[in-house]
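Asker: There's a structure below that I have some questions on.
2 protein chains.
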Amino acid sequence: MDEFSLIKQFFEQPNAAADKDNLHLLKGIGDDCAVLRVPDGKDLVFSLDTLVEGVHFPHNADAAELAWRLLGAAVSDLAAMGAQPNNFTLALTLPSLDQNWLQRFSENLAQAASQYHITLAGGDTTKGPLTLSAQVQGFVDRDQALLRNAAKLGDLVCVTGTLGDSRAGLSLLDKEQLNAAQHYLLERYYRPEPRVATGLIIKAFANACIDISDGLLADLGHILSQSQLGAKLLSDAIPMSSQMCDVAGDQALQWALSGGEDFELCFTIPKEAWPSMQQALQGHHIKVSQIGEIVEQTGIQLYQNNIWRPVEKAGFNHFQTT
Amino acid sequence: MDEFSLIKQFFEQPNAAADKDNLHLLKGIGDDCAVLRVPDGKDLVFSLDTLVEGVHFPHNADAAELAWRLLGAAVSDLAAMGAQPNNFTLALTLPSLDQNWLQRFSENLAQAASQYHITLAGGDTTKGPLTLSAQVQGFVDRDQALLRNAAKLGDLVCVTGTLGDSRAGLSLLDKEQLNAAQHYLLERYYRPEPRVATGLIIKAFANACIDISDGLLADLGHILSQSQLGAKLLSDAIPMSSQMCDVAGDQALQWALSGGEDFELCFTIPKEAWPSMQQALQGHHIKVSQIGEIVEQTGIQLYQNNIWRPVEKAGFNHFQTT
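Residue numbers (the working numbering), protein chains in the order written: chain A, -8 to 313; chain B, -8 to 313.
Structural data, given as structure tokens:
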């Protein structure tokens, strides 16, 4: 089997149906380039994410979990722009042609793609240390993409879902015999659910938005530095699951503030938009919480135990040397 | 230095000017996604290419050459669609934070990007075995992208430039004290020049097109299998440089037919379009040669030494196991 039949066997067939349903993707896998017709009145948004064996996931990680994490994390960037996912490309570097691995990976990738309404449009397969990159692309109404630099003084700071669950899941990786709560956290780690539907609702109200991949403090920090503003957060308002609190114990708040890979959205909205947004969110299965507000003084201050104190952002950096 | 300041220092600054000049790229590096406005009446075409250390290039390869090869090879896919390059993303996986390497790589990437009129729009930097992926994106008039499956019976088969030069350059990698001809071939290997300008001219005339990355026979083979046709080629018509012939000796034709990474274009045009195309190409610095024609019988036949014989396609496959 060579590279061409590999692509054909594992990646063209499962997506034949998805291709047919995607009227914007005029040409998918199989030419020098894919061809996309962006609808009139829309802008294209796109983001590229990489996972490396031994860095982002352990050796011998389950190919199914890799497929879900790769695509979930990448699609989360589209959610943070308030975008509708459309297509993605895959750069797959493999140490060997392991057909069982490819079967499991491609099946799960096709399932994840179907769930996120995104079509595999092309890519490159090469030999080398296991590395996966995905570029996801989506559509937003012209000039309506949610950017990081648009927070306004007095805005409410909001987050979706609960924070710290993925960090708690990480702490359970080697544990055997999980109870239901622990199983829930592990799933939150392995299969983060990108908040696409939530992003599409809140985009009408939000000023600035980011997805939480490096931890709330680090990612809110990007909104603040790009908007040249600061934030005050109420520790009691940070949404945490009971499952996470049980596993985290004393570290619960720390994990919620700094744990990475939750892939929830953090965004800011004008105070007066809160009631309308709540109305628009009625019946939606993801809760949105107010956790603080945007202030003039740069940095982040946290209200805890009746005092305000500045907090350091502490995200995950691949090349942190200090 | 962390990941964020790395991106800022090496990749944001050199492209600030390029970003300003690219009116279609509404948002580049620095948000969850880049934002692109595809012009009215245009389709977007895109392609993802990966280079892996030890597979596509040797250990300790010059960072400058990597930057040029990565972008040159990727932009060549845009040329093969008859597209105008617009922007690209970079997935950079690095074993360590070598500032000298990054300085040289990013400077040359910016130079190559400037030469190919393409803007760095975003990407991902991660720690791991040296691997580089680039997704390039460009514009074509709606429904005018040059595809592989559109060759017609009776079409002329054409190629740009000369073939086999890159293969000859490869054979000179370890040689010291190169003469001018050998230096030329090595440059053809290190810095393939994507045929963007030629693609933009020939697109008005061509039916099918591909860029020659795996060798003429293999790549023409893709056009033929997707068009369900065959081709007859005249060995005497295959364009070869005198420099290549000198280095290749008896192997010259073999290298021209099967050598990879020439990044010339192979395309088919109706016979009657040849004179108009030649007129459109007047003053253009790249020669286009007729090398044969499209026939009904599948496969490729080569006329050499007064006989026709079928030839096997023999391209480069990463996972060839037979």
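The beta carbon of each residue, even a glycine, is placed where N, CA and C say it ideally should be.
Tell me where the beta strand (DSSP E) around D202 of chain A begins and ends.
Answerer: For the purposes of this step, residue 202 of chain A is identified with residue 211 of the first sequence, where counting begins at 1. Where D202 of chain A is concerned, the enclosing beta strand (DSSP E) stretches over 199 to 202.
Asker: Taking the alpha helix (DSSP H) that S233 of chain B falls in, what are its first and last residues?
Answerer: To locate residue 233 of chain B, count along the second sequence from 1; it is residue 242. First-last of the alpha helix (DSSP H) with S233 of chain B: 233 to 239.
Asker: Quick check for students: name the residue ranges of the beta strand (DSSP E) that lie wholly in the stretch 35 to 91 of chain B, counting only runs of 3 or more.
Answerer: Here the runs fully enclosed are 75 to 85.
Asker: Are the C-beta of C24 of chain B and some C-beta of chain A separated by less than 8 Å?
Answerer: Within the second sequence, numbered from 1, the residue matching residue 24 of chain B stands at position 33. For C24 of chain B, the answer is yes, since a Cβ of chain A falls inside 8 Å of its Cβ.
Asker: Classify K(-1) of chain B as helix, strand or coil using the three-state DSSP reduction.
Answerer: For the purposes of this step, residue -1 of chain B is taken as the residue at position 8 of the second sequence. Reduced to three states, the DSSP call for K(-1) of chain B is helix.
Asker: Residues of chain A with CB closer than 9 Å to the CB of S249 of chain B, please, in chain order.
Answerer: The residue labelled residue 249 of chain B in the question sits at position 258 within the second sequence. Going along chain A, no residue has its Cβ under 9 Å from S249 of chain B, so there is no contact; the nearest lies around 15 Å.
Asker: Would you mind working out which of B:F258, B:N77, B:D89, B:T289 sits nearest P30 of chain B, comparing C-alpha positions?
Answerer: Within the second sequence, the letter at position 39 stands for residue 30 of chain B. Nearest of B:F258, B:N77, B:D89, B:T289 to P30 of chain B, Cα basis: B:N77.
Asker: Does the CB of T110 of chain B have a neighbour CB from chain A at under 8 Å?
Answerer: Within the second sequence, residue 110 of chain B is the residue found at index 119, counting from 1. Closer than 8 Å: no.
Asker: Given that a residue counts as buried once 16 or more other Cβ atoms are within 10 Å of its Cβ, and exposed if not, what is S(-4) of chain A?
Answerer: For the purposes of this step, residue -4 of chain A is taken as the residue at position 5 of the first sequence. Within 10 angstroms of the beta-carbon of S(-4) of chain A lie fewer than 16 other beta-carbons, which makes it exposed.
Asker: Just to make sure I have the definition right: I need the residues of chain B whose C-beta is within less than 8 Å of the C-beta of P120 of chain A. Which are they?
Answerer: Stepping through the first sequence from its first residue, residue 120 of chain A is reached at position 129. Ordered by position in chain B, the residues that pass the 8 Å Cβ test against P120 of chain A are V43, G119, P120, T122.
Asker: Based on the DSSP secondary-structure assignment, which residues constitute the bridge partners of I260 of chain B?
Answerer: Position 269 of the second sequence, counted from the start, is the residue given in the question as residue 260 of chain B. Beta-bridge pairing links I260 of chain B to B:L147.
Asker: Could you check where the beta strand (DSSP E) with I298 of chain A kicks off and where it finishes?
Answerer: Taking the first sequence and counting its residues from 1, one reaches residue 298 of chain A at position 307. That run of the beta strand (DSSP E) goes 298 to 302.
Asker: Could you please give the first and the last residue of the uninterrupted beta strand (DSSP E) stretch that includes A293 of chain B?
Answerer: As a working note, residue 293 of chain B is residue 302 in the second sequence. At residue 293 of chain B the sequence reads Leu, which differs from the Ala that was named. Boundaries of the beta strand (DSSP E) around L293 of chain B: 290 to 295.
Asker: Could you confirm whether any beta carbon from chain B is found closer than 8 Å to the beta carbon of F254 of chain A?
Answerer: Indexing the first sequence from 1 puts residue 254 of chain A at position 263. No, its Cβ sits nowhere closer than 8 Å to a Cβ of chain B.
Asker: Short check: CB of I214 of chain B to CB of I229 of chain B, under 8 Å?
Answerer: For the purposes of this step, residue 214 of chain B is identified with residue 223 of the second sequence, where counting begins at 1. For the purposes of this step, residue 229 of chain B is identified with residue 238 of the second sequence, where counting begins at 1. No. Outside cutoff.
Asker: Considering G190 of chain A, what are the terminal residues of the beta strand (DSSP E) in which it resides?
Answerer: As a working note, residue 190 of chain A is residue 199 in the first sequence. Unbroken run through G190 of chain A is the alpha helix (DSSP H), 187 to 193; no beta strand (DSSP E).
Asker: What are the boundary residues of the alpha helix (DSSP H) that I214 of chain A is part of?
Answerer: Locating residue 214 of chain A in the first sequence gives position 223, where the first residue counts as 1. Here the alpha helix (DSSP H) through I214 of chain A covers 207 to 218.
Asker: The alpha helix (DSSP H) spanning A172 of chain A covers which residue range?
Answerer: The residue you call residue 172 of chain A lines up with position 181 of the first sequence. Element bounds for A172 of chain A: 171 to 181.
Asker: For W299 of chain B, count neighbouring C-beta atoms within 10 Å of its own C-beta (all shown protein chains included) and say buried if the count is 16 or more, exposed if not.
Answerer: Mapped onto the second sequence, residue 299 of chain B falls at position 308. Exposed, by the Cβ-count rule.
Asker: Nearest by alpha-carbon distance to R186 of chain B: which of B:Q270, B:K278, B:N13 is it?
Answerer: If you number the second sequence from 1, residue 186 of chain B lands on position 195. Cα-wise, what sits closest to R186 of chain B is B:K278.
Asker: Whole-angstrom Cβ separation of S38 of chain B and D23 of chain A, contact assumed at under 8 Å?
Answerer: In the second sequence, counting from the first residue as 1, residue 38 of chain B sits at position 47. In the first sequence, counting from the first residue as 1, residue 23 of chain A sits at position 32. Yes, they are in contact, since the Cβ atoms of S38 of chain B and D23 of chain A sit about 6 Å apart, within 8 Å.
Asker: Using 8 Å as the threshold, is the C-beta distance between G114 of chain A and T122 of chain B below it?
Answerer: Here residue 114 of chain A refers to the residue found at position 123 when the first sequence is read from its first residue. Here residue 122 of chain B refers to the residue found at position 131 when the second sequence is read from its first residue. No.
Asker: Nearest by alpha-carbon distance to L62 of chain B: which of B:A199, B:L100, B:S204 is it?
Answerer: Taking the first residue of the second sequence as position 1, residue 62 of chain B is located at position 71. Comparing Cα positions, the closest option is B:L100.
Asker: At the 8 Å Cβ level, is D237 of chain A part of the contact set with chain B, yes or no?
Answerer: Here residue 237 of chain A refers to the residue found at position 246 when the first sequence is read from its first residue. Residue contact with chain B for D237 of chain A: absent (no Cβ-Cβ distance below 8 Å to any residue of chain B).
Asker: Kindly confirm or deny that the stretch 156 to 175 of chain A and the stretch 235 to 247 of chain A touch, where touching means at least three C-beta pairs closer than 8 Å.
Answerer: yes
Asker: At the level of alpha carbons, what is the spacing between Q295 of chain A and G221 of chain A?
Answerer: Taking the first residue of the first sequence as position 1, residue 295 of chain A is located at position 304. Taking the first residue of the first sequence as position 1, residue 221 of chain A is located at position 230. When rounded, the distance between both Cα atoms is 17 Å.
Asker: Using alpha carbons as the reference points, say which of A:V26, A:P301, A:Q234, A:F258 lies closest to Q128 of chain A.
Answerer: By 1-based counting over the first sequence, the position of residue 128 of chain A is 137. Checked all of A:V26, A:P301, A:Q234, A:F258; the closest Cα to Q128 of chain A is A:V26.
Asker: Using 8 Å as the threshold, is the C-beta distance between L256 of chain B and G206 of chain B below it?
Answerer: Against the second sequence, residue 256 of chain B aligns to sequence position 265. Against the second sequence, residue 206 of chain B aligns to sequence position 215. Their beta carbons are not under 8 Å apart, which means L256 of chain B does not touch G206 of chain B by this criterion.
Asker: Thinking C-beta only, is D253 of chain A closer than 8 Å to L155 of chain A?
Answerer: For this step, residue 155 of chain A is matched to residue 164 along the first sequence. For this step, residue 253 of chain A is matched to residue 262 along the first sequence. The sequence given here places Gly at residue 155 of chain A; Leu does not occur at that position. A contact, by the Cβ cut-off of 8 Å.
Asker: Mind pulling the chain B residues with CB within less than 7 Å of I201 of chain A?
Answerer: Here residue 201 of chain A refers to the residue found at position 210 of the first sequence. Correct list: D23.
Asker: Name, please, each residue of chain A whose Cβ falls closer than 7 Å to the Cβ of L35 of chain B.
Answerer: Position 44 of the second sequence holds residue 35 of chain B. The answer, in chain order, is L27, V29, L35.
Asker: Under the rule that 16 or more other beta-carbon atoms within 10 Å means buried, what is K90 of chain B, buried or exposed?
Answerer: Numbered from 1 along the second sequence, position 99 holds the residue referred to as residue 90 of chain B. Reading off the sequence, residue 90 of chain B comes out as Gln, not Lys. So Q90 of chain B counts as exposed.
Asker: Is the beta carbon of S124 of chain A within less than 7 Å of some heavy atom of the ligand MN?
Answerer: This structure lacks the ligand MN, and indeed carries no ligand of any kind.
Asker: Does the beta carbon of M231 of chain A sit closer than 8 Å to a beta carbon anywhere in chain B?
Answerer: If you number the first sequence from 1, residue 231 of chain A lands on position 240. For M231 of chain A, the answer is no, since every Cβ of chain B falls outside 8 Å of its Cβ.
Asker: With DSSP collapsed to three states, give me the class of A222 of chain A.
Answerer: Start at 1 with the first residue of the first sequence, and residue 222 of chain A comes out as number 231. Reduced to three states, the DSSP call for A222 of chain A is strand.
Asker: Pull up the DSSP beta-bridge partners for G129 of chain B, would you.
Answerer: Taking the second sequence and counting its residues from 1, one reaches residue 129 of chain B at position 138. DSSP, once it has assigned bridges, lists B:V36, B:P76 as partnering G129 of chain B.
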